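K.L.:
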Ligand SMILES: [Cu+2]
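Numbering (mature numbering (1 follows the signal peptide of the UniProt record, and there is no 0)), first residue to last: -17 to -1, 1 to 401.
(1) Comparing the CB of residue 112 with every heavy atom of ligand 1, is any distance shorter than 7 Å?
(2) The beta strand (DSSP E) spanning residue 209 covers which residue range?
(3) For ligand 1, is there a heavy atom less than 7 Å away from the beta-carbon of residue 119?
(4) Can you tell me which residues form a DSSP beta bridge with residue 313?
(5) From residue 363 to residue 355, what does the alpha carbon distance come to, in whole angstroms?
(6) If we ignore side chains and look at the alpha-carbon of each, how far apart do residue 94 and residue 365 end up?
(7) Take residue 261 as the anchor and find which of 233, 379, 202, 37 has the nearest alpha-carbon.
(8) Just to confirm the assignment: which complete beta strand (DSSP E) runs, minimum length 3, are found wholly within the stretch 338 to 400?
(9) Return helix, strand or coil for residue 284, following the three-state DSSP convention.
(10) Please name the residue, chosen from 374, 369, 336, that lies closest to residue 38 on a Cα-to-Cα basis.
(11) Residues bridged to residue 181 by DSSP?
(12) Give the straight-line distance between the Cα atoms of residue 219 and residue 359, rounded to the nearest whole angstrom.
(13) So the beta strand (DSSP E) residue 63 belongs to, where does it begin and stop?
(14) Could you check what DSSP says for residue 264 in three-state terms: helix, strand or coil?
(15) What are the boundary residues of the beta strand (DSSP E) that residue 405 is part of?
(16) Nearest by alpha-carbon distance to residue 40: which of 352, 346, 382, 385 is it?
(17) What residue range is occupied by the uninterrupted alpha helix (DSSP H) comprising residue 201?
(18) By a C-beta neighbour count over all protein chains shown, 10 Å radius and 16 as the cutoff for buried, is residue 26 buried or exposed?
What follows is the structure, given as structure tokens:
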């Protein structure tokens, strides 16, 4: 094993492990390029981040002892590092935002016959997610597919919109008490825009899984209308809804479930949010993430992340659903169309980071641990296998297997998290 890996990672792990810092104390060095004060990080050291720091070290040690040709390709000198949005400089944030807006200016690659409502390159990603929803949620490929999807989005920002950085993540527990204070959702010029204006007055709650048969009722917050702050106040959501809990969303012109283009008709509308501290304070906090990370096996982890077994009993939401209902409304409350809000990739960056943390707490056992079947919430369907293929349709070229996506260093990917 090369000691370079340890030297590279040591400052980061130490930074994560410092138990308490005064706000006025010297800045934490989270990477070589900039200092990040604890103030920027909401004044919090998270237990879950300490786990992540240890996972990062474990991952390098494990990978260094695996195939040497792979280690030559992917090692601390070549790896891409994904970071929390709060640690981005103003210009890094602006560059990311500019690239996302650029995707919405490029033409769609999906043919009109496959997505009549796709207007731009960003919509290709939303359409791919809508089309595959039943085969990628509550399934054995759920984590791997969304890892590939987020990676593809990151690479497309870089390859087609000149972005030089990597996909940021939203560290939910840091802002669980009040997500509107987070630099992702505070509505500033360097955020992903903030809450929606007060709207949709007839709505009193958002139902999970649906308003027709809610197992959990999320009280409506102060938003519900169009986002009117920050860089995405003019953002157009063009596809869906399919299964929205927002009562104020116009139906998609293709709403027949037997139509292969269901939800893919043209339905341009504003981006609506109803940011829910009720949700985050209960289900996205540090204790919830730590409990998830302490799952002894993939089955426990898989259920806990997605709302338990049976799903959503006793109001248990799980961090995945809670992350979507952090913004809620439209398209955030619609699990088909949710990537239509650019916040989606911040949430799924963190979903991926939490899975990556759990995997690398014991990599030799957990990197290839898989649980679930090939059909949404159907335990009688065939079990997912590492050899199953995954496609992203017109969003991104090239099919990979679940097995390819299990490691962020051992296959086609080469990235880590701090
Ligand atoms: Cu999804």
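Just so you know, even glycine gets a beta-carbon here, dropped at the ideal spot from N, CA and C. Just so you know, these numbers come straight off a predicted model, no measurement behind them.
P.N.:
Concretely, from the data shown:
(1) yes
(2) 207 to 210
(3) yes
(4) 255
(5) 10 Å
(6) 32 Å
(7) 202
(8) 398 to 400
(9) helix
(10) 336
(11) 207
(12) 29 Å
(13) 63 to 65
(14) helix
(15) It is not possible to answer for residue 405, since the shown part of the chain is limited to -17 through 401.
(16) 346
(17) It is not in any alpha helix (DSSP H) - residue 201 instead sits in the beta strand (DSSP E) that spans 199 to 202.
(18) exposed
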